[in-house]
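Taking my numbering, I'd label the letters of the sequence shown as residues 2 to 687. Backbone N, C-alpha and C define an ideal beta-carbon position, used for all residues, glycine too. Quick notes on the structure that follows.
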Amino acid sequence: MNPKCSALNCENEADSYCLCAKGCYSCKIHEHKFREEPHKLLPFFVVVDQSDKKNLLQIIIDMKNRLCAFQKSLETELMKSLSEIATTLELSMKLLGKLNFHYNELISKVNRIEKCSTTYAYCGLDAIIQYDHQRTVEEMKAFEMDYERCFMKPVLPMVHLSQIEDLCSKLFDFYNRSNTPLCGTCQYIYPALSENAVFYGNWRDHKRNGYGKLIMKNGDIFEGEYIDDERNGKGRFRSAGGEIYDGEYKNDVRSGWGVLTLSNGDHYEGEFQNDKKNGKGVLSCPNGDKYFGEFVDDIFQGEGTKIYENGDKYEGFWENGKRNGKGKLTFASGEIYEGEWQNDMKHGQGTFQHEYGTYTGNFTEDARDGKGTLVYADGRRYDAIWINGVMTGPGKFCVFNEIKKKYKLTYDGNFKNQLYKGAGVLYYENGDKFEGAFKKGKRHGKGSMIYRKGDWARYEGDWFEDLPNGFCTVNMRIGDLYQGPVKDGQFHGTNGIYTYASKDVYQGDWADGLKHGSGVYRYLSGNVYQGEWTNGYMEGKGIYKDIGLGVYEGYLKKNKFDGEGKLTYNNGEVFEGKWQNGMKVCGSQSFINGDKYEGDWANDKKNGLGTLRYASGDIYHGQFKDGIINGYGAFFYKNRDQYEGEWLNGQKHGNGKMSFENGNSYEGIWKNGKIKKKIKNAEARS
Numbered sequence: 002m003n004p005k006c007s008a009l010n011c012e013n014e015a016d017s018y019c020l021c022a023k024g025c026y027s028c029k030i031h032e033h034k035f036r037e038e039p040h041k042l043l044p045f046f047v048v049v050d051q052s053d054k055k056n057l058l059q060i061i062i063d064m065k066n067r068l069c070a071f072q073k074s075l076e077t078e079l080m081k082s083l084s085e086i087a088t089t090l091e092l093s094m095k096l097l098g099k100l101n102f103h104y105n106e107l108i109s110k111v112n113r114i115e116k117c118s119t120t121y122a123y124c125g126l127d128a129i130i131q132y133d134h135q136r137t138v139e140e141m142k143a144f145e146m147d148y149e150r151c152f153m154k155p156v157l158p159m160v161h162l163s164q165i166e167d168l169c170s171k172l173f174d175f176y177n178r179s180n181t182p183l184c185g186t187c188q189y190i191y192p193a194l195s196e197n198a199v200f201y202g203n204w205r206d207h208k209r210n211g212y213g214k215l216i217m218k219n220g221d222i223f224e225g226e227y228i229d230d231e232r233n234g235k236g237r238f239r240s241a242g243g244e245i246y247d248g249e250y251k252n253d254v255r256s257g258w259g260v261l262t263l264s265n266g267d268h269y270e271g272e273f274q275n276d277k278k279n280g281k282g283v284l285s286c287p288n289g290d291k292y293f294g295e296f297v298d299d300i301f302q303g304e305g306t307k308i309y310e311n312g313d314k315y316e317g318f319w320e321n322g323k324r325n326g327k328g329k330l331t332f333a334s335g336e337i338y339e340g341e342w343q344n345d346m347k348h349g350q351g352t353f354q355h356e357y358g359t360y361t362g363n364f365t366e367d368a369r370d371g372k373g374t375l376v377y378a379d380g381r382r383y384d385a386i387w388i389n390g391v392m393t394g395p396g397k398f399c400v401f402n403e404i405k406k407k408y409k410l411t412y413d414g415n416f417k418n419q420l421y422k423g424a425g426v427l428y429y430e431n432g433d434k435f436e437g438a439f440k441k442g443k444r445h446g447k448g449s450m451i452y453r454k455g456d457w458a459r460y461e462g463d464w465f466e467d468l469p470n471g472f473c474t475v476n477m478r479i480g481d482l483y484q485g486p487v488k489d490g491q492f493h494g495t496n497g498i499y500t501y502a503s504k505d506v507y508q509g510d511w512a513d514g515l516k517h518g519s520g521v522y523r524y525l526s527g528n529v530y531q532g533e534w535t536n537g538y539m540e541g542k543g544i545y546k547d548i549g550l551g552v553y554e555g556y557l558k559k560n561k562f563d564g565e566g567k568l569t570y571n572n573g574e575v576f577e578g579k580w581q582n583g584m585k586v587c588g589s590q591s592f593i594n595g596d597k598y599e600g601d602w603a604n605d606k607k608n609g610l611g612t613l614r615y616a617s618g619d620i621y622h623g624q625f626k627d628g629i630i631n632g633y634g635a636f637f638y639k640n641r642d643q644y645e646g647e648w649l650n651g652q653k654h655g656n657g658k659m660s661f662e663n664g665n666s667y668e669g670i671w672k673n674g675k676i677k678k679k680i681k682n683a684e685a686r687s
């Protein structure tokens, strides 16, 4: 019955056995455990399948070679334990009998081989082994080799296990001192590197040739092809630190195509030369960065594409691992830069596109610097000088109207910190033009503005915070001219002079673009108003001199006499009273003929109730209509006669009563000033 598997908690029967000091068994399921995990006491072990009877000779030879190398590399303390190891191996060999081999027959063959006193060459069997360790007996016979006769040749270096220590010493000495070239397949310990490396593989002319495996004491392992003792062809290198290279070698260094995985997680697949990444390749980093392109001495050099962990993508040229030359960087956010690079920064001519627009021009160390053009998505355009990313110095700014296919706004002048600064000219879409000083992007200081539409045709003067402020001269479109103070784009302040195209002139106070306060208005005709103004109107108290009428002193409203006022006519007549909307309402007027009226007025005529005192001494008190006595009234004659009654168009008309100075009187009916019928007479009492 076969022994149980040595794996923990495994009850399976063993199929394989490890030739180590522990004497481990393995089932098919756990065989990898013993192949992949080296044992501490004996690092060289073989797992033999029970059905593998054909390759036992090879196993023993491998065993012998491994022990030779192992003996030389052990420290003094381990050398003392070699006999114990040999004993363990002998016990292990006994267990091989369970593999349906006759152990005694094997020992007999080994003893016969032992009688050979010289070991000066390998038999032809090794020539087969160096090509393939797993060749069968039938394949060996195909090479015209008799397996049994070859096995019994006295030239094969093999001894009984009890004499393994002596044999290892002899073989080691022979391998390193014999003039006979070493060839075939074996494990070999270098005298100069016996503390550092062990090689197992193919030999020719005492040099590694063909396929082999090199194990360094520090844990590095190379397995691959050799030519003349140097790595040449395909191979795999695994460092103790975790670095892995699978690829081509030339002259003992990485050259050609290969795949390299570094301990930090970097993964490279591409061309090598002189043991470094040279040529085209792909480098993937654990942080998500990925590079496709050319390398020189492990550094990005030449043309290549790099995709960054954040989604950015660069396509272009590299130098010393940095972006240099022409290249295109596409940001994950959608922004794009295409142009020249230096030391990993935008440097030289380039175009930067972003959500708001596109800049084309010069860059210095990642910043816009020098001449450049910035075009915004809304049509704005800057042609300017940039310093450290900021527009500074002379330049041009435009705003393009996509619908009308023309510029809405154009600025030609100086910039500072990306804003208009200093002298400049600003052209507007509607045809307006400003020329003058700017500050922080606004019209500020002295400047002139030409307006294509509106009341103003040209403004020249002071500006503050983008609006006319200070003293100015304004040419109005209708030909008027204003000279004086302005505030926030409106005539405002004192002593502003407005000259009309008609040659009328106003001089005085202004507020919010209107005459307001105190001022004098001189008409071309010679008329003059001096007084108060409200919201552009003669309003308040003032004096109005009308050369064709006279002089009015009093109150006005919206350019008309309104309120209490006195009008002195040029002919000497005087009206003093109340006015409304430029018309007399009530008051007294003295006429040049000596007459004087006091009473109601309407439509600038005597209307209503009033008293008219004639220069002759006569007096009328009664009703008037349109300046004429009309209605009911009493007329007192100078001689003391008196008429009281109805009037029409200045004449007695209708019923009335005539009273005389002597006391007599009569009543009657009058028509057009004449008595038509006396109704009643009255005698004066004596």
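Among the bridge pairs identified by DSSP, V487 is matched with G471, F492. Going by DSSP, D563 is part of the beta strand (DSSP E) stretching over 561 to 570. Note that the C-beta distance between K607 and Y598 is below 8 Å.
If you draw a straight line from the Cα of G541 to the Cα of G532, it is about 7 Å long. Around the Cβ of F472, a 10 Å sphere holds fewer than 16 other Cβ atoms; the residue is exposed.
Between R382 and V376, the CB-CB gap stays under 8 Å. Non-local C-beta neighbours of S503 in its own chain, meaning closer than 7 Å and more than five positions away in sequence, comprise L525, ordered along the chain. With a cutoff of 8 Å on beta-carbon distance, E574 and S589 are scored as not near each other. The three-state reading of DSSP puts Y524 in coil, since its state is none of H, G, I, E or B. Looking at the backbone, the Cα of G423 and that of K434 are separated by about 16 Å.
Assigned with DSSP and collapsed to three states, N431 falls in coil, not helix or strand.
N275 carries a coil assignment under DSSP once its states are collapsed to helix, strand and coil. The three-state reading of DSSP puts L550 in coil, since its state is none of H, G, I, E or B. Assignment of alpha helix (DSSP H) within the stretch 206 to 278, counting only whole runs of 4 or more residues, yields no such run.
The continuous beta strand (DSSP E) containing I629 extends over residues 629 to 637. Here N470 is buried: its Cβ has 16 or more other Cβ atoms, across all protein chains shown, within 10 Å. The C-beta of G243 has fewer than 16 other C-beta atoms within 10 Å across all chains shown, which makes the residue exposed.
Sequence-distant partners of Q581 (beyond 5 residues in either direction) whose C-beta falls short of 7 Å from its own C-beta, in its chain, are D563.
Residue environment analysis places E249 among the buried positions, since at least 16 neighbouring C-beta atoms fall within 10 angstroms of its C-beta. Taking the Cα positions, G583 is about 52 Å away from T411. Within the stretch 300 to 371, the complete beta strand (DSSP E) segments of 3 residues or longer fall at 300 to 308, 314 to 320, 323 to 331, 337 to 343, 346 to 355, 358 to 365, listed in chain order. Excluding sequence positions up to five before and after K678, its CB lies within less than 8 Å of the CB of G669, I670, all in the same chain and listed in chain order. Here G425 carries a strand assignment [DSSP, helix/strand/coil].
For R382, the enclosing beta strand (DSSP E) starts and ends at 381 to 388. Shortest Cα-Cα distance from T374 to any of Q343, Q419, E336, S666 involves Q419. In this structure E461 is in contact with S449, their Cβ atoms being roughly 4 Å apart against a cut-off of 8 Å.
According to DSSP, F576 shares a beta bridge with L568, Q590.
Around the beta carbon of P486, a 10 Å sphere encloses 16 or more other beta carbons of the protein chains shown; the residue is thus reported as buried. The alpha carbon of N663 has as its nearest neighbour, out of G312, D642, K277, the alpha carbon of D642.
The Cβ-Cβ distance between Q508 and G494 does not fall below 8 Å. Following the DSSP letters along the chain, one finds K291 inside the beta strand (DSSP E) bounded by residues 291 to 297. Here G303 has E295 as same chain residues with Cβ atoms under 6 Å from its own Cβ, once five neighbours each way along the sequence are excluded. Proximity to T569 across N389, V552, M346, G611 peaks at V552, based on C-alpha coordinates.
The alpha-carbon of N594 is positioned some 10 Å away from that of N572. Exposed is the label assigned to R478, since fewer than 16 other Cβ atoms lie within 10 Å of its Cβ. With contacts defined as CB atoms closer than 8 Å, G623 and W648 qualify as a contacting pair.
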